[in-house]
Each structure stands twice: as C-alpha cells, then as structure tokens.
Amino acid sequence: MTLLLLLCFCFTYPHDVKVSLCNMVYDEKDKSLLIDFRIFTDDLQDAIRKPLLNNPLDKQFDADVIQYLETHFQLLVNQKPVKWYFFSGKLTKKCLK
C-alpha cells in the first residue's frame, strides 16, 4: 500500500490551473455575433512572446493582440471563414490584479 501511494505522488506535481472564458451572443436583428474572450494577460503575454509593457492599456498592446489573433484565430460560420473585428477597452487595471 505504501508503495502504491509513493508511486501516485511521484508522478504528480503541483501546477497552476487557469481558466479562460468565451461568451458568444448572436443578435438576430443585426445578424451579428459577439464573442467575448476573458483570458489571463500573462497567458496572452506568453503566447505573444513579448513582455507586457508598463501600461497594458497601451495601443501597441492592442496591435500585438490583433496580430496574434489574426495569425492564430479563425472564425468559421457554416464552414466558411468570416471576417472579425477586434474591439478593445474591456481590459482594465482591475482585471490585471
């Protein structure tokens, strides 16, 4: 029994658990789809491979995010690519705490 417990703990290690959220809302009237991503800025920072500037609300940060998303995010509707637009302004210092 001791050996079994030892083996269980040898192959496990503590790690961070992070959850990103995505909310999608379709507006029938406008025939538009709003996709709201809530992600950890440090994960995005790692993905972009660029250190977060002193001010993450900086315009350059938005440009880096857009460039990353254009490369790694594709939206398909009925198996066809759809043009999407990036709207910033939801990122706040409160979100960064």
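Position 87, counted from 1, in the sequence shown is what my numbering calls 202; the numbers after and before it change by one each time, with no gaps.
Quick reminder that beta carbons are idealized off the backbone N, C-alpha and C, glycines included.
- Between the C-alpha atoms of Asp-145 and Met-139 there is a straight-line separation of about 15 Å.
- In the structure shown, the three-state DSSP call for Ile-154 is coil.
- Under DSSP, Lys-195 takes part in a beta bridge, and its partners are Val-192.
- Looking at the DSSP output, Asp-142 bridges to Ser-147.
- Between Ile-163 and Asp-179, the C-beta spacing is below 8 Å.
- Taking Asp-142 as the centre and dropping the five residues before and after it, the same chain places the C-beta of Leu-148 and Leu-149 closer than 8 Å to its C-beta, in chain order.
- The beta carbon of Val-197 lies closer than 6 Å to those of Leu-190 in the same chain, with the five residues before and after it left out.
- Gln-194 has its alpha-carbon roughly 18 Å from the corresponding atom of Glu-185.
- By the beta-carbon neighbour count (other beta carbons within 10 angstroms, threshold 16), Leu-136 is exposed.
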